[in-house]
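J.: The structure follows.
Residue numbers (the UniProt record's numbering), protein chains in the order written: chain A, 1 to 221; chain B, 1 to 265.
See below:
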């Protein structure tokens with residue numbers, strides 16, 4: 001029992017690893033700040049694209065979305081980071097992460113947002129269009145706000161997944177939080193830094209998860 | 001059942017409008033509409049003169065809502081002509097959004113934007129379509145809400161309003177753009193009976209203010225007392241049109257009489 005405590009909950013080691021882990025947390029937050037808005041934007045684009053008039057365009061988009069959802073994000077990230085240089089495009093780790101997450105997240109957010117758009121009654125389009133608003137204005141001011149609100153629990157759930165996935169950035173040597181924790185682990189031969197990182201993730205995400213189940217309960221009523 | 005063709009669009013009541021010698025604001029000619037092989041409108045002719053309140057009545061499936069929706073291109077007519085205020089509505093090159101600025105529409109299910117206050121529901125098109133500034137659009141919107149008696153509910157959300165109040169906000173949303181004409185698609189059908197009166201009162205005051213209105217409705221009593229003209233449609237054709245005294249009188253066509261007496265029960 002004492003060994004377990006020493007290995008996983010060693011406060012001494014945790015406090016020594018803390019600065020390193022907080023440094024990693026900054027990077028994790030930076031990645032989130034770039035990747036989440038990009039993903040939501042991409043999701044909106046995918047959702048709009050899936051309403052395209054051209055059947056060919058819709059098919060092509062659906063295929064791309066399927067591909068992105070079937071491909072493990074780790075593979076996508078490695079392909080982009082170590083594959084693109086062969087095409088003469090050398091990317092910074094953050095740029096590679098941004099592109100990989102954009103492609104992956106756009107597919108997932110896209111499905112969520114599309115469901116949201118479909119949940120807005122046609123009468124909302126008709127009412128707005130009948131006052132002379134153009135289709136794009138109707139989408140931005142009338143349909144999208146309602147669509148996002150209708151799928152808010154799913155949007156937040158998806159975002160929680162994205163935050164957790166940012167640890168993948170370590171494979172392209174971005175020193176995000178889990179990478180830092182793992183580094184501290186291998187330096188100290190002790191698992192406590194990883195536990196500390198886990199606790200920080202939990203403290204960050206638990207309130208968000210609570211909000212999601214609140215919202216889900218509220219909308220189930 | 002007699003064939004639809006035996007009931008030619010009645011020109012006689014139109015004569016009353018011709019005496020006024022005013023150019024009709026809305027002039028529907030030979031308008032047909034097909035959904036696939038189903039012909040829901042067959043060569044419709046209806047005029048609406050400036051300031052007139054015209055009722056479209058008829059059983060469900062008679063095509064009256066479709067006809068109404070063709071007037072602002074929410075629905076595309078298959079053939080014919082709809083002239084409104086000097087422009088051809090069915091012209092494919094027509095700027096639909098410019099047309100819709102001049103024709104307001106009120107829907108059965110209100111269709112207020114639920115994420116916006118009553119005031120924002122009214123100001124949206126003022127700002128985005130007419131390009132008015134925030135303060136200016138607010139002044140105009142408040143005046144429109146005042147006209148429907150709901151200025152005190154400006155900051156309420158649709159969910160906080162009764163059905164009748166929601167419908168009046170929807171009317172204000174249309175009025176604020178100062179359209180030349182308003183279309184009403186069963187404006188009271190979704191309302192509890194005790195709330196119908198407030199909406200009809202609003203429509204009555206609009207009529208007194210000279211608004212031109214084309215109304216699809218089952219409110220026979222209102223049609224009888226307030227309409228200038230009533231158009232009875234059945235099976236995609238205009239069976240008969242004329243002043244309420246004719247349509248609701250003993251000399252109406254047998255099919256009109258049958259429908260009206262059934263609705264009046």
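In this text, a Cβ means the ideal position worked out from N, Cα and C, and glycines have one as well.
Remember, it's a predicted structure, so these values are computed and weren't measured experimentally.
To the nearest angstrom, report how far apart residue 135 of chain A and residue 121 of chain A are at their CA atoms.
T.: Spanning the two alpha carbons is a distance of roughly 15 angstroms.
J.: Counting beta carbon pairs with one atom in the stretch 179-189 of chain A and one in the stretch 149-158 of chain A, are three or more of them shorter than 8 angstroms?
T.: Touching, no, given that fewer than three Cβ pairs across the two stretches are closer than 8 angstroms.
J.: Determine, for residue 73 of chain A, whether the minimum Cβ-Cβ distance to residues of chain B falls below 7 angstroms.
T.: By this cut-off, residue 73 of chain A is not an interface position.
J.: Considering only the alpha carbon of each residue, which of A:212, A:215, A:193 and A:218 lies closest to residue 19 of chain A?
T.: Considering only alpha carbons, the answer is A:193.
J.: Can you find a C-beta in chain A that's less than 7 angstroms from the C-beta of residue 229 of chain B?
T.: For residue 229 of chain B, the answer is no, since every Cβ of chain A falls outside 7 angstroms of its Cβ.
J.: Are the C-beta of residue 119 of chain B and some C-beta of chain A separated by less than 7 angstroms?
T.: Not closer than 7 angstroms to any Cβ of chain A, the Cβ of residue 119 of chain B fails to qualify, so no.
J.: Give me, in chain order, the residues of the same chain whose beta-carbon lies closer than 7 angstroms to that of residue 100 of chain A; leave out the 5 immediate sequence neighbours on both sides.
T.: Closer than 7 angstroms at Cβ, skipping near neighbours: 73, 76, 77 and 80.
J.: Is it right to say residue 14 of chain A is buried, meaning 16 or more other beta carbons lie within 10 angstroms of its own, or is it exposed?
T.: Flag for residue 14 of chain A reads buried.
J.: At the level of alpha carbons, what is the spacing between residue 25 of chain B and residue 198 of chain B?
T.: Those two C-alpha atoms are separated by around 27 angstroms.
J.: Around the Cβ of residue 26 of chain A, are there at least 16 other Cβ atoms within 10 angstroms (buried) or fewer (exposed)?
T.: Burial call: exposed.
J.: Please state whether the Cβ-Cβ distance between residue 142 of chain A and residue 157 of chain B is less than 7 angstroms.
T.: No, the pair does not count as a contact, with Cβ atoms beyond the cut-off.
J.: Using 10 angstroms around the beta-carbon of residue 169 of chain B, count the other beta-carbons present and answer buried if the total reaches 16, otherwise exposed.
T.: That one is buried.
J.: Smallest Cα separation from residue 243 of chain B: which of B:69, B:55 and B:35?
T.: Among B:69, B:55 and B:35, the Cα nearest to that of residue 243 of chain B belongs to B:55.
J.: Assuming residue 102 of chain B contacts residue 50 of chain B under a Cβ cut-off of 8 angstroms, what Cβ separation, rounded to an integer in Å, is found between them?
T.: That pair is no contact at about 13 angstroms.
J.: In chain order, what residues of the same chain lie with their CB nearer than 8 angstroms to the CB of residue 222 of chain A, ignoring the 5 residues before and after it?
T.: No answer is possible for residue 222 of chain A: it lies beyond the span of chain A, which begins at 1 and ends at 221.
J.: Who pairs with residue 88 of chain B in a beta bridge, going by DSSP?
T.: Answer is B:83, bridged to residue 88 of chain B.
J.: Give me the subset of the stretch 211-229 of chain B whose CB atoms are less than 7 angstroms from a CB atom of chain A, sorted by chain position.
T.: Against chain A - using a Cβ distance shorter than 7 angstroms - the stretch 211-229 of chain B contributes no residues.
J.: Below 6 angstroms CB to CB, which residues in the same chain sit around residue 130 of chain B once its five sequence neighbours on both sides are set aside?
T.: Cβ neighbours of residue 130 of chain B beyond the five flanking positions: none.
J.: I'd like to know whether the C-beta atoms of residue 44 of chain B and residue 28 of chain B end up nearer to each other than 7 angstroms.
T.: Against a cut-off of 7 angstroms, the Cβ pair of residue 28 of chain B and residue 44 of chain B comes out as a contact.
J.: What three-state label does DSSP hand residue 10 of chain B in the structure shown?
T.: A caution first: residue 10 of chain B carries a pLDDT of 42, below 50, which makes its placement in the model unreliable, though a value can still be read off. In the structure shown, residue 10 of chain B sits in coil (DSSP, three-state: anything other than H, G, I, E or B).
J.: Would DSSP call residue 231 of chain B helix, strand or coil?
T.: Correct three-state label for residue 231 of chain B: strand.
J.: Over what stretch of residues does the beta strand (DSSP E) that includes residue 30 of chain B continue unbroken?
T.: 26-35 is the extent of the beta strand (DSSP E) around residue 30 of chain B.
J.: What residue range does the alpha helix (DSSP H) around residue 212 of chain B cover?
T.: It is not in any alpha helix (DSSP H) - residue 212 of chain B instead sits in the beta strand (DSSP E) that spans 212-216.
J.: Given a threshold of 16 other Cβ atoms within 10 Å of its Cβ, counted over all protein chains shown, does residue 207 of chain A qualify as buried or as exposed?
T.: Per the 10 Å Cβ criterion, exposed.
J.: Considering only the beta carbon of each residue, do residue 122 of chain B and residue 80 of chain B sit closer than 7 angstroms?
T.: For residue 122 of chain B and residue 80 of chain B, no; Cβs fall outside 7 angstroms.
J.: Since residue 127 of chain A meets chain B, which of its residues come closer than 7 angstroms, beta carbon to beta carbon?
T.: Simply 107 and 111.
J.: Tell me which residues of the stretch 39-51 of chain B have at least one Cβ-Cβ distance to chain A shorter than 7 angstroms, keeping chain order.
T.: Hits within the stretch: zero.
J.: Going along the chain, which residues of its own chain have a beta-carbon closer than 7 angstroms to the beta-carbon of residue 262 of chain B, five neighbours each way excluded?
T.: Hits under 7 angstroms: none found.
J.: From the beta carbon of residue 90 of chain A, is the nearest beta carbon of chain B less than 7 angstroms away?
T.: So no, residue 90 of chain A is outside the interface.
J.: Return the bridge partner residues of residue 55 of chain B from the DSSP annotation.
T.: In the DSSP output, where bridge partners are listed per residue, residue 55 of chain B has B:215 and B:230.
J.: Under 7 angstroms between beta-carbons, which chain B residues line up against residue 130 of chain A? List them in chain order, please.
T.: Here the neighbours are 72, 74, 100 and 105.
J.: Check this for me: beta carbons of residue 115 of chain B and residue 145 of chain A, under 7 angstroms apart or not?
T.: Yes.
J.: Which runs of the alpha helix (DSSP H) spanning at least 4 residues fall entirely within the stretch 117-171 of chain A, listed in chain order?
T.: The qualifying runs are 122-130, 135-138, 144-150 and 152-165.
J.: To the nearest angstrom, how far is the alpha carbon of residue 213 of chain B from that of residue 174 of chain B?
T.: Cα to Cα, the separation comes out at about 12 angstroms.
J.: At a CB distance below 7 angstroms, what residues from the stretch 119-142 of chain B approach chain A? Give them in sequence order.
T.: Listed by position along the chain: 124, 125, 128 and 129.
J.: Are residue 65 of chain B and residue 238 of chain B closer than 7 angstroms when you measure CB to CB?
T.: Their beta carbons are not under 7 angstroms apart, which means residue 65 of chain B does not touch residue 238 of chain B by this criterion.
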